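As structure tokens, the structure follows; a few thoughts come after it.
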Amino acid sequence: MNTDPEELNLYRKLAQVLAETLDLDQLAAQTAALVVDAVGANVCFVHLVDPELMRLELVGATPPFDSYRHQVWLGLGDGIAGWVAQTGQVAVVPDKWTDHRYRYLPELQGELFQVLISVPMVHATGNVVGVLNVHWQHKDVDLLQQQQVLTTVASFLAGAFEHTLLVAKLGAHERALEGFAQQLIEAQEAERRRLQLELHDGVLQQVHAAYYRLEAVKASPALDEHEARDVCVASDLLKASTQAMRRLIQDTPRQALDEFGFAEAIETLANSYPDFEVVVEDRTDDADPALAPARALAVLRIMQEAINNAWKHSGVTTCELRLASIGGDLVVVIRDRGDGFNTAAHSNGFGLGGMRERARIIGGRLELFSTLGEGTLVRLLVPIGPVA
């Protein structure tokens, strides 16, 4: 059987719409408009099945009823559209006022229309994705012809709406994950700030007081040579501890990130070790991506921990920090050429567990390589884009 040229034109337009958009609302609106034009109807309503809530949701319609999208719902089996969604069968209704399945919805002004064809959008799996409800004001409608056209259109659209729904759900899932990651990172930072305050108000003051007491003892003439040497060593240790705590409390890399951005935070971090050189290499514009705030903060903390480990444990006075954008990922490499360690024996030591957890939260991956006598390399791969 030859296909009518108008039908072919309709299918071409539908194919164009499907190729151009994965936005659910836009797809439903354009579908409704094309259907009305193709079959000479007065209005088309696009309902989609919500299998979790066991109901139909109006997601699209021709004006002026498009203002009610996402505001009208029908239970499965409720009304003609609900019956079609439940049974997967077409409903051809010459006079809906005499059909016992019909349910009047004031906002959709059913009194304006008499003839109705309701067709299910059935996916290849057999699941009913949604329903097209098409209405005419006049009675002289070739119901058989229009049923055939609408059934073909509904079959054509079922896969597209199923795919679009999956994309929308995936987007919602990604946004939920991003929100969860943001909350985790904020909780970690809140705990960090709490510890910083406790250090500042408690431990630091006590260590500072102990340092000055030792300084006073050091000046005592009653000390012999060995006692004076021990006091000097203890005093130097307290002074170093005080400086380390002040650096932690000040948290200048985080302040730089908040005020000036990711690139400045990296420079601040690299310059925050007076007795340890961090060589920042291969910095290019591409290596300074626009990371989401939560992701940038997590990356900064991982780099900070890795550099701290090199500073404390490598036995050398320098390390290298390299950044690059490769295939949609930010790649960060921190390498020292120091003592190295047995990775099997320290798989969760040196804060490695926390670093890996931060990387996992932001959808990244942390890799660690170390050889005794040859140094340690930490590589972080983080997707550039929303947190997922």
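In the numbering used here, the protein residues as written are 946 to 1333.
Beta carbons are placed, not taken as given, at the ideal position from N, Cα and C, and that holds for glycine.
Predicted model, so just to flag it, every value in this text is computed and none were measured.
Taking 8 Å as the cut-off, decide whether the C-beta atoms of residue i and residue j are in contact.
i, j, result
"Leu1322", "Asn1287", "no"
"Gly1296", "Asn1254", "yes"
"Leu979", "Thr1109", "no"
"Val1035", "Gln1090", "no"
"Glu1226", "Glu1170", "no"
"Val1076", "Val1064", "yes"
"Leu969", "Arg1000", "no"
"Val1276", "Arg1324", "yes"
"Val1176", "Leu1168", "yes"
"Ile1062", "Leu1102", "no"
"Val1029", "Thr1007", "no"
"Gly1024", "Val1067", "no"
"Leu1242", "Leu1202", "yes"
"Ser1259", "Gly1320", "yes"
"Tyr1156", "Thr1197", "no"
When the Cα of residue i is compared with those of the options, which residue comes out closest?
i, options, result
"Phe990", "Gln1093, Val1079, His1171 and Glu1170", "Val1079"
"Ala1239", "Ile1252, Asn1216, Val1327 and Gly1283", "Val1327"
"Arg1199", "Ile1062, His1068, Ala1189 and Leu1214", "Leu1214"
"Gln1016", "Gly1273, Leu1102, Gly1308 and Glu1052", "Glu1052"
"Val1244", "Leu1311, Gly1285 and Ser1180", "Leu1311"
"Leu1313", "Ile1329, Ala1289, Ile1306 and Ile1307", "Ala1289"
"Leu1236", "Gly1104, Ala1208 and Tyr1156", "Ala1208"
"Pro1039", "Leu1159, Asp1181, Arg1046 and Val1060", "Val1060"
"Val1152", "Asp1181, Gln975 and Ala1132", "Asp1181"
"Arg1174", "Thr1187, Leu1159 and Asp1274", "Leu1159"
"Thr1263", "Asp1274, Ile1271, Gln1249 and Val1224", "Val1224"
"Trp1081", "Ser1100, Val1162, Ala1099 and Leu1057", "Leu1057"
"Lys1041", "Ala1026, Ala1269 and Gln1031", "Ala1026"
"Arg1014", "Arg1046, Asp1023 and Leu1003", "Leu1003"
"Gly1273", "Ile1247, Gly1308 and Ile1279", "Gly1308"
"Ala1251", "Arg1303, Pro1219 and Ser1270", "Arg1303"
"Gly1005", "Ala983, Gln975 and Trp1256", "Gln975"
"Ala983", "Asp1044, His1045, Val1094 and Arg1048", "Val1094"
Which two residues bound the contiguous alpha helix (DSSP H) that contains residue i?
i, result
"Met1248", "Pro1238 to His1258"
"Ile1062", "That residue, Ile1062, is in no alpha helix (DSSP H); its beta strand (DSSP E) goes Val1060 to Val1067."
"Asp982", "Leu969 to Val984"
"Ala1210", "Phe1207 to Ala1215"
"Gly1024", "Gly1024 to Thr1032"
With DSSP collapsed to three states, give me the class of residue i.
i, result
"Thr1321", "strand"
"Ala1154", "helix"
"Ala1232", "Its pLDDT being 43, under 50, Ala1232 is placed unreliably in this model, and the coordinates cannot settle the point."
"Val1148", "helix"
"His992", "strand"
"Arg1303", "helix"
"Arg1174", "helix"
"Asp1011", "helix"
"Leu1297", "helix"
"Gly1055", "helix"
"Arg1280", "strand"
"Asp1181", "helix"
"Leu1088", "helix"
"Glu997", "coil"
"Ser1186", "helix"
"Leu955", "helix"
"Asp1044", "coil"
"Phe1286", "coil"
"Thr1070", "coil"
"Asp1196", "coil"
"Leu1102", "helix"
"Ala1201", "helix"
"Leu1095", "helix"
"Ala1161", "helix"
"Ala1167", "coil"
Looking at the unbroken beta strand (DSSP E) that takes in residue i, where does it start and where does it end?
i, result
"Ala1036", "Ala1036 to Val1038"
"Ala1006", "Arg1000 to Ala1006"
"Thr1316", "Arg1310 to Thr1316"
"Gly1075", "Val1073 to Trp1081"
"Trp1018", "Trp1018 to Gly1020"
Tell me residue i's beta-bridge partners as DSSP assigns them.
i, result
"Asp1274", "Ile1271 and Pro1328"
"Ile1223", "Note that residue 1223 corresponds to Val in the displayed sequence, not to Ile. DSSP lists Cys1264 as partners of Val1223."
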